[in-house]
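What follows is a single structure, written as structure tokens, with notes after it.
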Amino acid sequence: MASAKAINKIFTSKEVSEGAGLLVRRVMPTPKLRDLTPFVMLDHFASPANRPGNVPDHPHRGQEIISYIISGAVDHDDFLGNTGTIGPGDIQIMTVGRGIMHAEQPRRVDLKRDPPDSTVEGVQLWIDLPNELRYMEPRYRYIKSKKIPVSVLDEGRVTVKVIAGESHGLKAAEDLTCTPVWYYDISIKPGGRMRQIMPKDWNVFLYVLHGEVSVSNKSSLGQFQVAVFERDGDYVEIYVPQSAATEAKVVLFGGMPLDQKIVHYGPFVVSEEKEAHKAMIDFRLGINGFERALTWESNISKRISY
Numbered sequence: 001m002a003s004a005k006a007i008n009k010i011f012t013s014k015e016v017s018e019g020a021g022l023l024v025r026r027v028m029p030t031p032k033l034r035d036l037t038p039f040v041m042l043d044h045f046a047s048p049a050n051r052p053g054n055v056p057d058h059p060h061r062g063q064e065i066i067s068y069i070i071s072g073a074v075d076h077d078d079f080l081g082n083t084g085t086i087g088p089g090d091i092q093i094m095t096v097g098r099g100i101m102h103a104e105q106p107r108r109v110d111l112k113r114d115p116p117d118s119t120v121e122g123v124q125l126w127i128d129l130p131n132e133l134r135y136m137e138p139r140y141r142y143i144k145s146k147k148i149p150v151s152v153l154d155e156g157r158v159t160v161k162v163i164a165g166e167s168h169g170l171k172a173a174e175d176l177t178c179t180p181v182w183y184y185d186i187s188i189k190p191g192g193r194m195r196q197i198m199p200k201d202w203n204v205f206l207y208v209l210h211g212e213v214s215v216s217n218k219s220s221l222g223q224f225q226v227a228v229f230e231r232d233g234d235y236v237e238i239y240v241p242q243s244a245a246t247e248a249k250v251v252l253f254g255g256m257p258l259d260q261k262i263v264h265y266g267p268f269v270v271s272e273e274k275e276a277h278k279a280m281i282d283f284r285l286g287i288n289g290f291e292r293a294l295t296w297e298s299n300i301s302k303r304i305s306y
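Residue numbers (the numbering used here): 1 to 306.
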């Protein structure tokens, strides 16, 4: 008989400053959750569009980064010539591989078009790369909001955006990452309830973006809280009591564990300490994938006034 996944731990994400004045809620890595293979890092940002902060030029190696923009927009620029804007509801998947240097800038509010209290909100998730793909050539993929399948359940009280994986007969537009992951944006109105099947041997966790939800064994979670589940069990059950004052919004993740060590050294994700030191040396010397790093400056950094 199918059973709900039990909760292993519940904790609250930590507010930290990232880049130049960009405040984020960090789920991992924190003292409460160092890593959860294949997941390496999760940040949630919700910044005033009139003063959003930014993440100036910086390198990466060894991971895949999924940027999902909920509202507003984020500009992106890198040393390979990739540039553009991730709009509301859109997804960018950056397979870093051997090396990327880039910059990110939440787009400021347009006072002629947007409300002055507009917010740039999004979620950035880092996924570990299998060792055999750690040094692959960098690549990008973009998924527009209109291509993300949406499942409406429980008489309209539940909406599930299938970013990766499958849910209630719908499959995501494409596989996002080299390591298999499932990824859902779930909105639940008061009185709504849903079950999401998740592979039994995967690592699974949930993060509350807004509102309050009850999960699996009736544990209650509020905004910015995290639930990490046991691997046993077949599904995650999420609901919002009828008495709740507002709709809740959560993101739910599942990922196939990788049988390898995670060494997270700043912007680099590798499997051995010596690889982390090598990544830093390669970046500083401009070699082994970072040849452009010594002379490149992003258009984003050029227009930022500090």
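Ideal Cβ placement from N, Cα and C applies to all residues, glycine included.
Just so you know, the alpha carbons of Ile148 and Ile66 end up roughly 14 Å apart. Counting every other CB atom within 10 Å of its CB across the protein chains shown gives Glu275 a total of 16 or more, marking it as buried. Here DSSP, grouped into helix, strand and coil, assigns Met198 to coil. Per DSSP, reduced to three states, the secondary structure at Asp78 is strand. When DSSP reads this structure, Lys249 sits in a beta bridge with Ser187 and His210. Distances from the alpha-carbon of Met198 to those of Gln260, Ala245 and Ser216 put Ser216 closest. Only residues of its own chain outside the window of five on either side were considered, and among them Val27, Met28 and Leu125 have a CB closer than 6 Å to the CB of Leu42, listed in chain order.
Under the three-state reduction of DSSP output, Glu297 falls in the coil class, being neither helix nor strand. In the DSSP assignment, the residues bridged to Lys9 are Val228. Cβ neighbours of Asp201 within its own chain (closer than 6 Å, five residues either side excluded): Arg231.
Under DSSP, Glu166 shares a beta bridge with Lys171. In the structure shown, the three-state DSSP call for Glu64 is strand. If you check the CB distance, Ala4 and Gly233 come in under 8 Å.
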